[in-house]
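One structure is given here, and the rest of the page talks about it.
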Amino acid sequence: MELICISFWQVWWLRNQAIHNASVRNDEDVVGWSINFLDGFRSANSTADPNTMAKQDSVVKWCSPSRGCFKINTDAVVDKNKCYIGAGIIIRDYKGVVVRTFIQKIHINFSP
Numbered sequence: 000m001e002l003i004c005i006s007f008w009q010v011w012w013l014r015n016q017a018i019h020n021a022s023v024r025n026d027e028d029v030v031g032w033s034i035n036f037l038d039g040f041r042s043a044n045s046t047a048d049p050n051t052m053a054k055q056d057s058v059v060k061w062c063s064p065s066r067g068c069f070k071i072n073t074d075a076v077v078d079k080n081k082c083y084i085g086a087g088i089i090i091r092d093y094k095g096v097v098v099r100t101f102i103q104k105i106h107i108n109f110s111p
């Protein structure tokens, strides 16, 4: 039933894209896209047992962009208890020098 609903949703979305954005995609993609979407949804909403999860300690090292280019790093937070969302952006050049930063905190009501 889930796959049927997602497929209908995708057909509706494709129709709207064709009408409003003059964008046409192959209708054969509907089933494959719907299966992939459902798999991703189920995976994202599955509850993992922390006792069976392998612990991985990984260190991610920042790598500079090519000369003449910039690298943008972002982060975000959602705090339902304090009713806000926040986002941050940092832009660095190829030497790692900070060119620009941006932070934004938005108060939001999470209740319907």
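Here the sequence shown is numbered in numbering that gives the first Met the number 0, starting from 0 and rising by one per residue.
Idealized CB from N, CA, C, for every residue including glycine.
The structure presented is a predicted model; accordingly, all values stated were derived computationally and were not measured.
Can the beta-carbon of residue i be found closer than 8 Å to that of residue j?
i     : j     : result
Ser33 : Ile71 : no
Cys68 : Tyr93 : yes
Do you know how far the Cα of residue j is from the Cα of residue i?
i     : j      : result
Gln16 : Gln9   : 10 Å
Ile3  : Asp28  : 14 Å
Ile84 : Ile18  : 34 Å
Asn80 : Ile105 : 13 Å
Arg99 : Asn44  : 36 Å
Arg66 : Gly95  : 11 Å
Asp78 : Ala86  : 12 Å
Leu37 : Leu13  : 17 Å
Less than 7 Å separating the Cβ of residue i from some heavy atom of the ligand GTP?
i     : result
Ser45 : Ligands displayed in this structure: none; no statement on the ligand GTP is therefore possible.
Report, in whole angstroms, the separation of the C-beta atoms of residue i and residue j, which I expect to be a contact under 8 Å.
i     : j      : result
Leu88 : Thr73  : Looking at the sequence provided, one finds Ile at residue 88 rather than Leu. Right, the Cβ-Cβ distance comes to about 5 Å (below 8 Å), so this counts as a contact.
Cys82 : Ile107 : 6 Å
Where are the alpha helix (DSSP H) runs, 4 residues long or more, that stay fully inside the segment 48-110, in chain order? As far as the segment 48-110 is concerned, it has no whole alpha helix (DSSP H) run of at least 4 residues.
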